[in-house]
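Novice: Protein chains in written order, with my numbering: chain H, 88 to 361; chain Y, 88 to 361.
Backbone N, C-alpha and C fix where the C-beta goes; we use that ideal spot for every residue, glycine too.
There are 2 protein chains.
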Amino acid sequence: MSDDGLHSLTYIGYYDAASRPLRGVIPQEEIITLHLNGHPLVSLMCTPIQMEELAIGFLFNEGVIESIDDVAVLRPCSNAHCLDIWLEYDVESPTLRTITSGCSGGTTFNDVRQVRRPVESTVRVPHHMVTCMMQSFMQAMNLYRRAGGIHGAALANATTGHLICLVEDIGRHNALDKVAGHCLQHREPMRDRVLLTSGRVSAEMINKVARMQVPVVISRTSPTSLAVQLARAWHVTLIGYTRRRSFHIYAGEERVFSEPESEATPERYRLPGQ
Amino acid sequence: MSDDGLHSLTYIGYYDAASRPLRGVIPQEEIITLHLNGHPLVSLMCTPIQMEELAIGFLFNEGVIESIDDVAVLRPCSNAHCLDIWLEYDVESPTLRTITSGCSGGTTFNDVRQVRRPVESTVRVPHHMVTCMMQSFMQAMNLYRRAGGIHGAALANATTGHLICLVEDIGRHNALDKVAGHCLQHREPMRDRVLLTSGRVSAEMINKVARMQVPVVISRTSPTSLAVQLARAWHVTLIGYTRRRSFHIYAGEERVFSEPESEATPERYRLPGQ
Chain H
88 MSDDGLHSLT YIGYYDAASR PLRGVIPQEE IITLHLNGHP LVSLMCTPIQ
138 MEELAIGFLF NEGVIESIDD VAVLRPCSNA HCLDIWLEYD VESPTLRTIT
188 SGCSGGTTFN DVRQVRRPVE STVRVPHHMV TCMMQSFMQA MNLYRRAGGI
238 HGAALANATT GHLICLVEDI GRHNALDKVA GHCLQHREPM RDRVLLTSGR
288 VSAEMINKVA RMQVPVVISR TSPTSLAVQL ARAWHVTLIG YTRRRSFHIY
338 AGEERVFSEP ESEATPERYR LPGQ
Chain Y
88 MSDDGLHSLT YIGYYDAASR PLRGVIPQEE IITLHLNGHP LVSLMCTPIQ
138 MEELAIGFLF NEGVIESIDD VAVLRPCSNA HCLDIWLEYD VESPTLRTIT
188 SGCSGGTTFN DVRQVRRPVE STVRVPHHMV TCMMQSFMQA MNLYRRAGGI
238 HGAALANATT GHLICLVEDI GRHNALDKVA GHCLQHREPM RDRVLLTSGR
288 VSAEMINKVA RMQVPVVISR TSPTSLAVQL ARAWHVTLIG YTRRRSFHIY
338 AGEERVFSEP ESEATPERYR LPGQ
């Protein structure tokens, strides 16, 4: 296991008819098993950095824990391929991958929509903050710039635009879990924040965002149809295709407002590293 | 459910400080439940096109069926949110999401590697066929061109470069399952073919490719470290970052050879639509 999330290897580079060995990096992927109260819970394919954040955020987003105070012990196993978590209380071994038992139809949109309540927040974001935060986020994605093929997620302050935490992982869901885990560990509030993601926003992403009570999601790419439906039902502001000067708002547009650029003081919108 | 995999909606387009309603399309995502022999088996988040292919390919790639002859009945349920599949034989309700019970460590790379045997194939591909097939594939991805945020997979003839089938889905794994399902339905061999994918190649993708006995995988983007390890162990040729004139070979480079472009007759390398 390397500790930086990248894996160095030699591969063959082809350019036109000429080939030669090259040395480069690719995203690291490993199988990490979470053990809960002494029993194996789930094996995750992930980038093995920020593993404590992943474990805590996964348990939170799956509804197993409510806060960091529920966790008594969190330590890597001796073989480094698993994490051992003991809670303050017993749990019935949670069946995370539930299979519907509805005999006449299975899960529907209404079933999924019932899982969460709408996100309550009075946060509003000026339009140029949306594009500023995305630029800041993309510049800060270290593994992505070095190896490609990796997803990032970050949480930002909705007033200042500052990035509060930034994580990377081969999995979009893992990245979201790592953000939640970081906030729980550091007792950082997730409410009234803005979540940035490099990847497509699917229904499962909006499900996690609503669990985290984050009111605004900004992506570089497309949402899916179910993600838009859930964002509208749960009152999550969902922004996609964010570029330097433009973006689309698919849900919750009342949280975005136009403010002439000149009225914004440079101080107020300065981002980390700028 | 629309039948073309895209969802039309109105959203707010922002360009600089000006916003206005726009009409556009995004990838469709729905929850489809597979019922096997009368019992719900799994709910998949997917793009609801080519659903029979998805169901058959999923059952094959998960090891539940060996051929299309194992399927007695395959029909949509009345509510269109599930597919009803009856096999020619009884099955113990398969537990697809197995959780490791190894008390001292959980799943490891060696456990995963034991799942498959190496892929046997004498297929060899000239270097310019690699870039030709990728161009042909990217041009043929209809939903991706119209909406973005979607993955494609295709199977191609390794000798002529022709695309045998092309599928699209919000999920990379679903896309691979749809390719397998298409081939099983139409009794198209998968051995000695080339698989093209738009997305990152993870360990689970290589797992499915090895199950399908496909010897060559070509991606536009990066493989993960575990995908490269598995491809090397299972003798799958793994090519990434395929561009117009260049690509990287991460495993099985002996299946790619340099052939001067002039020796290739235009006829032989002509692709569909060219």
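Nearest to Arg-204 of chain H by CA position, among H:Pro-302, H:Thr-329, H:Ser-333, H:His-94, is which residue?
Specialist: Here the closest residue by C-alpha is H:Pro-302.
Novice: If you compare alpha carbons, which of Y:Tyr-328, Y:Gln-300, Y:Ile-118, Y:Asn-229 is closest to Glu-207 of chain Y?
Specialist: For Glu-207 of chain Y, the nearest C-alpha among the options comes from Y:Gln-300.
Novice: Apart from the five residues just before and just after Arg-307 of chain Y, which ones in its own chain have a Cβ nearer than 6 angstroms to its Cβ?
Specialist: The residues are Ser-285, Thr-329.
Novice: Which word fits Tyr-176 of chain Y, buried or exposed, when buried means at least 16 other C-beta atoms lie within 10 angstroms of its C-beta?
Specialist: Classification of Tyr-176 of chain Y: exposed, given that the 10 Å Cβ count is below 16.
Novice: So, is the C-beta of Pro-310 of chain H closer than 8 angstroms to a C-beta in chain Y?
Specialist: Interface residue, yes.
Novice: Starting from Ala-245 of chain H, find everything on chain Y with Cβ-Cβ shorter than 8 angstroms and list it in chain order.
Specialist: Under the 8 angstroms cutoff, chain Y gives no residues; its nearest Cβ is about 17 angstroms from Ala-245 of chain H.
Novice: What number of angstroms, rounded off, separates the C-alpha of Thr-187 of chain H from the C-alpha of Val-178 of chain H?
Specialist: Here the model assigns Thr-187 of chain H a pLDDT of 41, short of 50, so the residue's position is not dependable and the matter cannot be decided.
Novice: Using a C-beta to C-beta distance shorter than 8 angstroms, which residues of chain H count as neighbours of His-335 of chain Y?
Specialist: Those are Tyr-98, Ile-99, Gly-100, Tyr-101, Leu-109, Gly-111, listed as they occur along chain H.
Novice: Are the beta-carbon atoms of Gln-115 of chain H and Ser-312 of chain Y separated by less than 8 angstroms?
Specialist: Yes, they are a contact pair.
Novice: Any contact of the region 238-255 of chain Y with the region 324-339 of chain H, i.e. 3+ C-beta pairs under 8 angstroms?
Specialist: With a cut-off of 8 angstroms, the region 324-339 of chain H and the region 238-255 of chain Y do not count as touching, because too few Cβ pairs lie within range.
Novice: Count the C-beta pairs between the region 256-265 of chain H and the region 314-324 of chain H that are closer than 8 angstroms, then say yes if the count reaches three, no if not.
Specialist: No, they do not touch.
Novice: Tell me, to the nearest whole angstrom, how far the beta carbon of Met-132 of chain Y is from that of Gly-239 of chain Y; I am working on the premise that it is less than 8 angstroms.
Specialist: The pair is not a contact, with the Cβ atoms about 17 angstroms apart (cut-off 8 angstroms).
Novice: If you drop the 5 nearest sequence neighbours on each side, which residues of the same chain put their C-beta closer than 7 angstroms to that of Tyr-98 of chain Y?
Specialist: Excluding residues within five positions, the ones whose Cβ falls inside 7 angstroms are Leu-109, Gly-111.
Novice: Could you pull out every residue in the same chain whose Cβ sits closer than 6 angstroms to the Cβ of Leu-146 of chain Y, ignoring the five residues on either side in sequence?
Specialist: Taken in chain order, the residues that qualify are Ile-152.
Novice: Counting only beta-carbon atoms, is Met-132 of chain H nearer than 8 angstroms to chain C?
Specialist: Checking the listed chains, one finds no chain C in this structure; the protein chains it contains are H and Y.
Novice: Quick one, which of H:Asn-124, H:Ile-293, H:Ile-118 has its alpha-carbon nearest Trp-173 of chain H's?
Specialist: Ranking the options by Cα distance to Trp-173 of chain H, first place goes to H:Asn-124.
Novice: Answer with yes or no whether the minimum CB distance from Gly-236 of chain H to chain Y is below 8 angstroms.
Specialist: At least one chain Y Cβ lies under 8 angstroms of Gly-236 of chain H.
Novice: Can you list, in chain order, the residues of its chain with a C-beta nearer than 8 angstroms to that of Leu-93 of chain Y? Leave out the 5 residues immediately preceding and following it.
Specialist: Closer than 8 angstroms at Cβ, skipping near neighbours: Val-112, Ile-113, Pro-114, Gln-115, Leu-230, Arg-233, Ala-234.
Novice: Does any residue of chain Y bring its CB to less than 8 angstroms from the CB of Ile-172 of chain H?
Specialist: Not an interface residue.
Novice: Determine the chain Y residues that contact Ile-257 of chain H at a beta-carbon separation under 8 angstroms, and present them in chain order.
Specialist: Simply Arg-287, Ser-289, Thr-311.
Novice: Under a three-way DSSP split, which group does Met-176 of chain Y fall into?
Specialist: Note that residue 176 of chain Y is Tyr in the sequence shown here, rather than Met. Coil at Tyr-176 of chain Y, not helix or strand.
Novice: Mind checking Ala-142 of chain H: buried by the 16 CB within 10 Å criterion, or exposed?
Specialist: Looking at its Cβ environment, which holds 16 or more other Cβ atoms inside 10 Å, Ala-142 of chain H is buried.
Novice: Assign Asp-156 of chain Y to buried or exposed, taking buried as 16 or more other Cβ atoms, counted over all protein chains shown, within 10 Å of its Cβ.
Specialist: With fewer than 16 Cβ atoms within 10 Å of its Cβ, Asp-156 of chain Y is classed as exposed.
Novice: Which of helix, strand or coil does DSSP assign to Ser-130 of chain Y?
Specialist: Of the three classes helix, strand and coil, the one that applies to Ser-130 of chain Y here is strand, per DSSP.
Novice: Just curious, the alpha helix (DSSP H) that Asn-148 of chain Y is in, first and last residue?
Specialist: First-last of the alpha helix (DSSP H) with Asn-148 of chain Y: 138-148.
Novice: I'd like to know if Ile-143 of chain Y contacts chain H, where contact means its C-beta is closer than 8 angstroms to some C-beta of that chain.
Specialist: Not one chain H Cβ lies under 8 angstroms of Ile-143 of chain Y.
Novice: Interface residues of chain H around Val-199 of chain Y at Cβ under 8 angstroms?
Specialist: Result: Ile-118.
Novice: Mind checking who Cys-252 of chain Y pairs with in its DSSP beta bridge?
Specialist: DSSP output for Cys-252 of chain Y lists Y:Leu-242 as bridge partner(s).
Novice: In chain Y, which residues lie with their C-beta within 7 angstroms of the C-beta of Ser-345 of chain H?
Specialist: Correct list: Ala-104, Ser-106.
Novice: From Asp-256 of chain H to Val-288 of chain H, what distance separates their C-alpha atoms?
Specialist: C-alpha separation (whole angstroms): 15 angstroms.
Novice: Closer than 7 angstroms by beta-carbon distance: list the chain Y residues that pair up with Ala-320 of chain H, in chain order.
Specialist: Within chain Y, no residue comes near Ala-320 of chain H; the closest Cβ sits about 14 angstroms away, beyond 7 angstroms.
Novice: Grouping DSSP H, G and I as helix and E and B as strand, with all else coil, what is Thr-218 of chain Y?
Specialist: Note: Thr-218 of chain Y maps to helix in three-state DSSP.
Novice: Measure the C-alpha to C-alpha separation of Val-210 of chain Y and Leu-96 of chain Y and round it to an integer number of angstroms.
Specialist: If I take the Cα positions, the gap works out to 45 angstroms.
Novice: To the nearest angstrom, report how far apart Arg-342 of chain Y and His-214 of chain Y are at their CA atoms.
Specialist: Spanning the two alpha carbons is a distance of roughly 10 angstroms.
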